[in-house]
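By our numbering, the letter at position 35 of the sequence shown is numbered 17, and the numbering carries on one by one without gaps.
C-beta atoms are modelled at their ideal positions from N, C-alpha and C, and glycine is treated no differently.
It should be emphasised that the depicted structure is a prediction, and the values quoted were computed from it without experimental measurement.
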Amino acid sequence: MIQTIVAPRPREGRPPNFHKQSRINPVPYHTMEQQTPREFILEAFADPASVRDVVRGILNTIFFHRFFPSLTPRSREVLDITLPYVEDAELDTMIEKRAAELERELDAERTTHPQPHPHSRSHFQQTRNSGSGGRGDISVQFFEKKRRKTWLARAYGGGDEEICWESWTVKVTVAEPRTDSERAKVRKAMEQTLLTTALKIVTCVNSHKDHIPPITTSEANPFPYQINVNQKDAGWAARMGIY
-17 MIQTIVAPRP REGRPPNFHK QSRINPVPYH TMEQQTPREF ILEAFADPAS VRDVVRGILN
43 TIFFHRFFPS LTPRSREVLD ITLPYVEDAE LDTMIEKRAA ELERELDAER TTHPQPHPHS
103 RSHFQQTRNS GSGGRGDISV QFFEKKRRKT WLARAYGGGD EEICWESWTV KVTVAEPRTD
163 SERAKVRKAM EQTLLTTALK IVTCVNSHKD HIPPITTSEA NPFPYQINVN QKDAGWAARM
223 GIY
């Protein structure tokens, strides 16, 4: 059964999958300047063949709520779940590039650390204890441009500096099922984790708005962004309770 994520980002001309709401402008900063960015942690779970699609789906859901240039909302299905998609060539290229980079790193990890023979005792122990597929992190950061405060900083560091006001970290866990029973469990866990993560994004963006900087520029995209891949250690599928 196909599930649809209701992503109430204020847009005009919203397709049927998304409810309309009145446009909500970013809430200005408080008088005290923010010292640390707002951080959100998300989970993703996938088999090797689905890693790139799952990561792209999650990143597009984040950017749907944080990409302020005018656009027409689109949607795509990932694991039978309808997720929002941002139709912007530059952003799409960056998301694809970073998702592919994470996928390559996880593939390299599996090649470097081959699994025991499927009928050996160590194989079953390793599958239960490590999940075999590995783990990596991919992060998204949003920045605001601010005028440097001192003439010395402006002279030697440029007129503006970029300050991070929000950070999202997606912790990606990969498992390699080897039996039909394992594949069924992994598929169910993939769908449930993706649905939970997408709903968490919607909850986060609707619950936390005070930290969003005011838009003070006429540039098409007022908030620069970065997407980075940082691979972590293997062995987290057991924490998902799959095997």
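Residue i - DSSP class collapsed to helix/strand/coil
i	result
Ile63	strand
Arg48	helix
Glu144	strand
Asp119	strand
Leu53	coil
Ala71	helix
Lys153	strand
Arg160	coil
Ile183	helix
Lys170	helix
Asn188	helix
Asn42	helix
Ile209	strand
Ala31	coil
Ala202	coil
Ile194	coil
Residue i and residue j closer than 8 Å at C-beta
i	j	result
Ser121	Asn210	yes
Arg38	Phe124	no
Val156	Val33	yes
Ile40	Thr179	yes
Ile197	Pro204	yes
Glu25	Thr185	no
Met172	Ala28	yes
Glu144	Pro206	yes
Phe168	Gly118	Note on residue identity: the sequence assigns Val, not Phe, to residue 168. Result no, Cβ atoms of Val168 and Gly118 do not sit closer than 8 Å.
Own chain, CB closer than 8 Å to residue i, minus 5 neighbours either side, in chain order
i	result
Thr199	Lys127
Asn42	Arg58, Leu65, Pro66, Tyr67, Val68 and Ile77
Phe50	Ile197, Asn203, Pro204 and Phe205
Span separating the alpha-carbon of residue i from that of residue j
i	j	result
Asp162	Ser52	45 Å
Asp142	Ser189	30 Å
Thr116	Leu88	The sequence given here has Gly at residue 116, not Thr. Rounded to the nearest angstrom, the two C-alpha atoms are 6 Å apart.
Ala202	Phe45	15 Å
Thr75	Asp35	14 Å
Glu72	Lys170	33 Å
Gln208	Ile183	18 Å
Glu21	Val187	11 Å
Ala166	Ala31	14 Å
With 16 other Cβ atoms within 10 Å as the buried cut-off, status of residue i
i	result
Glu85	buried
Pro159	buried
Asn212	exposed
Ile23	exposed
Other residues of its chain near residue i: CB distance less than 6 Å, five sequence neighbours each side excluded
i	result
Pro19	Cys146, Trp147, Glu148 and Ser149
Arg56	Tyr67 and Glu69
CB contact below 8 Å: residue i versus chain D
i	result
Ala166	The structure shown has no chain D; it contains just one protein chain.
Residues near residue i in its chain [Cβ-Cβ closer than 7 Å; skip 5 each side]
i	result
Lys79	none
Thr94	none
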